[in-house]
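In my numbering, the protein residues as written are 1 to 457.
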């Protein structure tokens, strides 16, 4: 009886303690959220620390608001040791968030790495470890352009320092993996941007939320473009034709049934202008034999182009463009076809440039190409010197469209538009000709028209 009574008392005491603890947690979370929302982070801090100790799994708000609280502590710490202590504690908080709320999608491993980088704390191996974990286990939340570049940079640094037994093929694999991730993120951003650009083209007004989304996506696309350029600069000395060709020749027999290896090898040889070597054709043909796809058709097109078999190259490129379902890749192939026609067949070049834009409205390079084609026809379109120079206004319009839709081209396209406008008739010319506000039609192959600017503009 004594044993049973003791057990009942223990259960009752435990129940009462848990109830009191839950009441305290419920009270603490209210104060934590209330003080955090009003940005009274010093007042919120004790409640955060108490909940982390006594009921760390009570509510996810502990970690959502805890991040803001500790960041405020870091920003306002006056003593270096205090700042470092808060940085370390925030790293711990990120880990606790993942422990008690796994799969939260907050990207805490990336946050740990960037926090240590920002405050020049932790070793390179520690930072790389967090980034590597994030890339392999939570890639959907690894969206930081800076983190992606740092991840690649640290890996290449280890290779060059002959650390961790990293081989050249692993560097190429890491480059490909990160590039594929960058392209995936770019696709998501540019697809969203295309929807907004179509609304603008249809003269529909964007909401404030859509305007902010457009600006954010344009900024992020510019950042990803910078990262890709920086990665290329980092790897350029490791991937010259002199190094790539013997490297792939040595490995071909071993890897000739590995579709992913063949694809990446062919794409790297093509991107580094090593596609004139017979090895490129050999790899591309083997890839198309094993797995005929839009990508393999494109690579065979490149090989045919290098062999100066333009007809065959155009056949493969058209086949590739039709097979691609990805709008960006489809646009790139149509643009390549457009450049092949170039000034030799301006009508066809424009047709394929417009096909690229139909596939992807934010593909600014196609607008730039059309502007260049029109500029090369200035002397052939128009009856008078004034009309011939008026073509440049049309060129400027297309260059400005490129600047508007493609963040990566904005600076270049804007400069080009200014150059075209400088070649167009001046205000004095407009006044002397009496053409202000009139429409000039270009009845040559261009088949478009331009309205002469009014003198006040």
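Cβ coordinates follow ideal geometry from the N, Cα and C atoms, glycine included. Here the structure is a predicted model, which is why all the values come from computation and not from measurement.
- Three or more beta-carbon pairs separated by less than 8 Å are not found between the stretch 192-201 and the stretch 147-158, which leaves the two stretches without contact.
- By the C-beta criterion, the stretch 256-275 is judged not to be in contact with the stretch 208-222, since fewer than 3 inter-stretch pairs fall below 8 Å.
- Selection 191, 92, 379 evaluated against residue 325 yields 191 as nearest (Cα-Cα).
- DSSP links residue 440 through a beta bridge to 450.
- Within the model, the alpha-carbon separation for residue 368 versus residue 402 is close to 6 Å.
- Approximately 21 Å separates the beta-carbon atoms of residue 376 and residue 406; this is outside 8 Å, ruling out the contact.
- In its chain, beyond the 5 residues on either side, 145, 148, 149, 182 have a beta carbon closer than 7 Å to the beta carbon of residue 227.
- No residue range can be given for residue 58, since it is assigned to no alpha helix (DSSP H) and is classified by DSSP as neither H nor E.
- With the rule of 3 Cβ pairs closer than 8 Å, the stretch 55-62 does not count as touching the stretch 81-88.
- Sixteen is the threshold: when 16 or more other Cβ atoms of the shown chains lie within 10 Å of the Cβ of residue 66, as they do, the residue is buried.
- Residue nearest to residue 423 within the set 276, 393, 443, 269 is 393 (criterion: CA-CA distance).
- Taking every protein chain shown into account, the CB of residue 337 has 16 or more other CB atoms within 10 angstroms, so this residue is buried.
- Just measuring C-alpha positions, the residue of 225, 177, 391, 396 sitting nearest residue 135 is 177.
- Excluding sequence positions up to five before and after residue 127, its CB lies within less than 8 Å of the CB of 113, 116, 117, 150, 154, all in the same chain and listed in chain order.
- In the DSSP annotation of this structure, the continuous segment of the alpha helix (DSSP H) that includes residue 399 starts and ends at 385-405.
- For residue 414, the CB contacts under 8 Å within the same chain, skipping 5 residues up- and downstream, are 399, 400, 403 in chain order.
- With distances taken between CA atoms, residue 429 lies nearest to 388 out of 441, 388, 395.
- Excluding residues up to 5 positions away in sequence, 294, 297, 298, 301, 333 lie with their Cβ nearer than 7 Å to the Cβ of residue 320 in the same chain.
- If the five residues before and after residue 240 are omitted, its C-beta is found closer than 8 Å to the C-beta atoms of 272, all from its own chain and listed in chain order.
- Contact annotation, residue 247 with residue 196: C-beta distance approximately 43 Å; criterion of less than 8 Å not satisfied.
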